[in-house]
Amino acid sequence: MAAAEEAGGAPGSASSAQRRLRVLSGHLRGSREAPALLSASPCGAQGAAGLPGPATIPKRRQELLKWNGWGYNDSKFIFNKKGQVEFTGKRYRLGGTVLPILKEWMEKTFGASLEHKTLPRATLNVNDVPPSFANEEFLQDLRATKISYSQDPEDRVFRAHGHCLHEILVLREGMFKRIPDIVVWPGCHEDVVKIVEVACKHNLCIIPFGGGTSVSSALECPEEEKRTIISLDTSQMNHILWIDERNLTARVEAGIVGQDLERQLAERGYCTGHEPDSMEFSSLGGWVATRASGMKKNIYGNIEDLVVHLKMVTPRGVIEKSCEGPRMSTGPDVHHFIMGSEGIFGVVTEVTVKIRPVPEYQKYGSVVFPNFERGVACLREVAKQRCAPASIRLMDNEQFQFGHALKPQVASIFTSFLDGLKKFYITKFKGFDPNVLCVATLLFEGDRERVLQHEKQVYDIAAKFGGLAAGEDNGQRGYMLTFVIAYLRDLGLDYYIIGESFETSVPWDRVLDLCRNVKERIVRECKEKGVQFAPLSTCRVTQTYDAGACVYFYFAFNYRGIGEPLHVYEQVETAAREEILANGGSLSHHHGVGKLRKQWMKETISDVGLGMLRSVKEYVDPNNIFGNRNLL
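For the sequence shown, my numbering assigns the number 1252 to the initial residue and increments by one for each residue that follows.
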C-alpha cells in the first residue's frame, strides 16, 4: 500500500471500481488497442505511482516565495551601487541584467526619486498575526484522518491573500484583521472528501487555495466570519494521474502549478499550451475556478476549451460526469457551473484536459504601426481571416515606451549601431512618430512549413495597414518580459509608486473608444483626487476573437503627498471599471470577480442570472461551508 494510503488516504469504493474497470476495458480491447494510461495510486500524495516529477513550489511556500510581494525570494528589481536598475537571481533570462534606461523613465514618468524611499517590513512579526481559533472537535476528527495541517502563523498569513494591490500594501505595512485559523494539505481527492465531510459536521468555513495568484480579493477571509476558517491548500495534489495517448488527454490533480504541468508533459512530448501570465505559480484548479485564459489560446483555446472532465467535491457530494466524451447534449453543461465558480460551490480535485504534441517549431516576430488605430484595424483583419498566430499582442505608445525602458544594456557598439539604424529608418525614413507609433508582438508555433506560411500571411495583412516588420528579437524580448513584469510593482512600491493591471473583453467596434475613454478617465480621476504627477495610463490588446478582443490596462501613479493613497487608488480603479462597463466592456475576461468586482455582478449578468447562481449555491452548499463570499 502506498505511503499516502497509510497516512489516511484510503481510496473510496467508487474510485477502486473505476480503476478496475479501466484495467478490464484495456484487457478486453487488447494491448494494442488499449490507451497508454499511466495510473497513479488512489491517493496521489507521497508515493504516487503515476507520472513522477518534483513540485517546484514547496509545502511551506515562504521558504521559496516572498511573503509580502510577488514571486521568488531571490528575484527582484533593485537599484545597484551605480544607481541603475538590475534584476537579481538566475531563474529568468533577465537575471543579472542591467536596465540602464529604466531609472530615467521612472523619473520622467512618475517624478520618482531615489531619495524618496519607503521600505516594507523585512520579516513577519508573528505577534501581529491574529490568533488561531480552530474548532477543537474538528481538530480531533482531522487528526484521525492523518491529513497534514498547520496552525503556524506564517503558513496562515501566506494563505490569507492573493496579489491585489491592497493586499500587498497590508502585508508591507500592517496585518489582515481575519486570516485562516488552520491550513490543511490534502494529498488526493479522497482526502478532500474527508475534509469537507468533517467541516460540514462541525459547520466550519472552507476557502480553497491553489496557487495564491488571485487578483480579485478572492482569497481574503471575510472579516465578519465567526466560524473556524480552513484554508484548503491543494498544492500537494500535484500529480499527473495518467496520460491517454490515443485520445490525447491527461487526468491531472488540480493542485499542480502551470510550470510543473507543462514541464512534466513536455518530458513525454506533450503540452496543454495553456500559458497564463501567472503560469509559474497558478494552479490547474485555479484556472478552472476563474475561467482562465492563456496567451496561446488562439491555438490551444481557453480553459473551457481544454477541459474534458472535472471532479469537484461539494457539501452535497461529488460532481462529475459519467463519461469523458468530447461533447454532450444533456441539458446545461454542469462543467459550466464549476468553471468560474471561484470556490463558492466546492473544490475542484481532478481535471482531465486535452493535450497536444509539443510543437516542432516556434518563431517570434513584431510589427510596428504608425498609430494604435492602424494596429487595432490590423488585428481585427487577422481575426476576421482566422489566421491569428499562437499569440498576438498590440501595445499602445505608452506601453511601447515602457517596454523600451526595460531594454537590457547593449552588449556591443555594433548592436547599439544597428538599433540606431532601425530607429532612424522607422522614424525618419518612414515618418513614424516615436510618440504615437505602436508595436505588436507575435508568437507562431507548429510545424515549420505551416508556421512560415502563417507568418507571411500575417505580415502581408500588417503591411496593408502600414505595419513594418520590426524583427524577431523585439518579439522575443516582449514575451521574455511576460513573467518578470509583475516584479516591477514591488520596486515601484519602494519608491512611492502604486500601480495595478486590470482587463476586459469588448466587441471590435468598441475597442478604440473603450481604450481611449478608460485611459482618459484614469488621468482625469487622478488629477481630480490630488495626484501631483500625471499617472501612467496605458493599454494593450492581448487576445483576439471573431467578435471582439481582450484589452489589458495598466495604471500607476506617484503617491507622495497623498494622505490616503490606497483610498485614492481604489476610487480611480472603480471609476475605470465603471468606464469600461459604460463603453460596452465586460466585468472581466479572465481575472474573475472575487469580492473586488462583485458589486457589478447584478448589472453584468442580470437580476435573474444572479438569482440562478444563488439558487445553485443554496442547493449545493446550504450552510455556506465554502464561505469565501465571492461572486454573490
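Cβ atoms here follow ideal geometry from the backbone N, Cα and C, with glycine treated the same way.
Backbone CA spacing between residue i and residue j [nearest angstrom]
i, j, result
"residue 1741", "residue 1467", "18 Å"
"residue 1553", "residue 1334", "42 Å"
"residue 1819", "residue 1846", "19 Å"
"residue 1558", "residue 1469", "22 Å"
"residue 1852", "residue 1860", "9 Å"
"residue 1867", "residue 1737", "36 Å"
"residue 1353", "residue 1654", "9 Å"
"residue 1600", "residue 1439", "7 Å"
"residue 1546", "residue 1529", "11 Å"
"residue 1532", "residue 1856", "30 Å"
"residue 1806", "residue 1525", "26 Å"
"residue 1693", "residue 1356", "25 Å"
"residue 1264", "residue 1441", "Any answer about residue 1264 is weak, because its pLDDT of 41 lies below 50 and its placement is not dependable; what the coordinates show is given next. Using only the alpha carbons, I get a separation of about 11 Å."
"residue 1963", "residue 1500", "Given that the chain is displayed from residue 1252 to residue 1883, the structure contains no residue 1963 and the question cannot be resolved."
"residue 1778", "residue 1767", "17 Å"
"residue 1537", "residue 1461", "6 Å"
"residue 1781", "residue 1815", "11 Å"
"residue 1565", "residue 1629", "46 Å"
"residue 1569", "residue 1579", "19 Å"
"residue 1858", "residue 1573", "33 Å"
"residue 1535", "residue 1416", "24 Å"
"residue 1591", "residue 1543", "8 Å"
"residue 1817", "residue 1374", "22 Å"
"residue 1620", "residue 1869", "52 Å"
"residue 1830", "residue 1844", "17 Å"
"residue 1636", "residue 1465", "34 Å"
"residue 1787", "residue 1583", "43 Å"
Sequence-distant residues of the same chain with beta carbon closer than 7 Å to residue i, five excluded per side
i, result
"residue 1877", "1457, 1594, 1595, 1596, 1597"
"residue 1864", "1882, 1883"
"residue 1812", "1783"
"residue 1752", "1803, 1804, 1805"
"residue 1880", "1473, 1846"
"residue 1586", "1558, 1561"
"residue 1668", "Residue placement at residue 1668 cannot be trusted, given a pLDDT of 38 that sits under 50; what the coordinates show is reported in the next sentence. Excluding sequence neighbours, residue 1668 sits near nothing in its chain."
"residue 1739", "1328"
"residue 1370", "1745"
"residue 1480", "1431, 1432, 1456, 1458, 1472"
Close beta carbons around residue i, own chain, < 6 Å, minus the five adjacent residues each side
i, result
"residue 1345", "1338, 1735"
"residue 1279", "Only weak support is given to the placement of residue 1279: the predicted model assigns it a pLDDT of 41, under 50, and the value that follows is read from those uncertain coordinates. No residues qualify anywhere along the chain."
"residue 1589", "1561, 1563"
"residue 1282", "Residue placement at residue 1282 cannot be trusted, given a pLDDT of 39 that sits under 50; the coordinates are not used to answer."
"residue 1418", "1412"
"residue 1571", "1562"
"residue 1459", "1483, 1594, 1598"
Nonlocal neighbours in the same chain, by C-beta distance under 8 Å from residue i, ignoring five residues either side
i, result
"residue 1754", "1793, 1801, 1802, 1803, 1804, 1839, 1840, 1841, 1842"
"residue 1311", "1405, 1406"
"residue 1235", "With the chain running from 1252 to 1883 in the structure shown, residue 1235 is simply not present."
"residue 1698", "1610, 1611, 1612"
Beta-carbon proximity check, residue i vs residue j, cutoff 7 Å
i, j, result
"residue 1647", "residue 1689", "yes"
"residue 1392", "residue 1447", "no"
"residue 1515", "residue 1799", "no"
"residue 1474", "residue 1428", "yes"
"residue 1659", "residue 1695", "no"
"residue 1454", "residue 1809", "no"
"residue 1657", "residue 1626", "no"
"residue 1772", "residue 1833", "no"
"residue 1551", "residue 1727", "no"
"residue 1650", "residue 1828", "no"
"residue 1761", "residue 1835", "yes"
"residue 1463", "residue 1488", "no"
"residue 1713", "residue 1618", "yes"
"residue 1837", "residue 1756", "yes"
"residue 1885", "residue 1567", "Because the chain here runs from 1252 to 1883, residue 1885 falls outside it and cannot be looked at."
"residue 1510", "residue 1795", "no"
"residue 1606", "residue 1523", "yes"
Rounded distance between the beta-carbons of residue j and residue i, thought under 8 Å
i, j, result
"residue 1503", "residue 1602", "6 Å"
"residue 1336", "residue 1315", "Rounded, the Cβ-Cβ distance is 24 Å, inconsistent with contact."
"residue 1763", "residue 1632", "About 14 Å separates the two Cβ atoms, so there is no contact after all."
Any non-hydrogen atom of the ligand COA closer than 6 Å to residue i Cβ
i, result
"residue 1568", "Questions concerning the ligand COA fall outside what the structure shown contains, since it holds no ligand whatsoever."
Exercise for review: Indicate whether the contact test is met: 3 or more Cβ pairs, each with one atom in the stretch 1746–1759 and one in the stretch 1357–1369, closer than 8 Å.
Suggested key: Between the stretch 1746–1759 and the stretch 1357–1369, the count of Cβ pairs shorter than 8 Å is three or higher; the stretches touch.
Review point. Quick one: any contact between the stretch 1395–1409 and the stretch 1434–1444, if contact means 3 or more CB pairs under 8 Å?
Key: The answer is yes - the stretch 1434–1444 touches the stretch 1395–1409, with three or more Cβ pairs under 8 Å.
Practice item. Decide yes or no for the touch test of the stretch 1366–1384 against the stretch 1684–1702: beta carbon pairs closer than 8 Å, at least 3 of them. Key: No, the stretch 1366–1384 is not in contact with the stretch 1684–1702.
Check your understanding: Does the stretch 1402–1416 come close enough to the stretch 1472–1489 that 3 or more CB-CB pairs lie under 8 Å?
Key -> Verdict: yes, contact present.
Review point. Pairing CB atoms from the stretch 1610–1622 with CB atoms from the stretch 1692–1703, are three or more of them under 8 Å?
Key: Counting Cβ pairs under 8 Å, three or more are found: they touch.
Check your understanding: With a cut-off of 8 Å, do at least 3 Cβ pairs link the stretch 1314–1322 to the stretch 1417–1434?
Key -> The stretch 1314–1322, when compared against the stretch 1417–1434, does touch it at the 8 Å Cβ threshold.
Point to revise | Meets three-Cβ-pair contact criterion under 8 Å: the stretch 1323–1331 and the stretch 1703–1717 | key: Cβ pair count under 8 Å is below three, so no.
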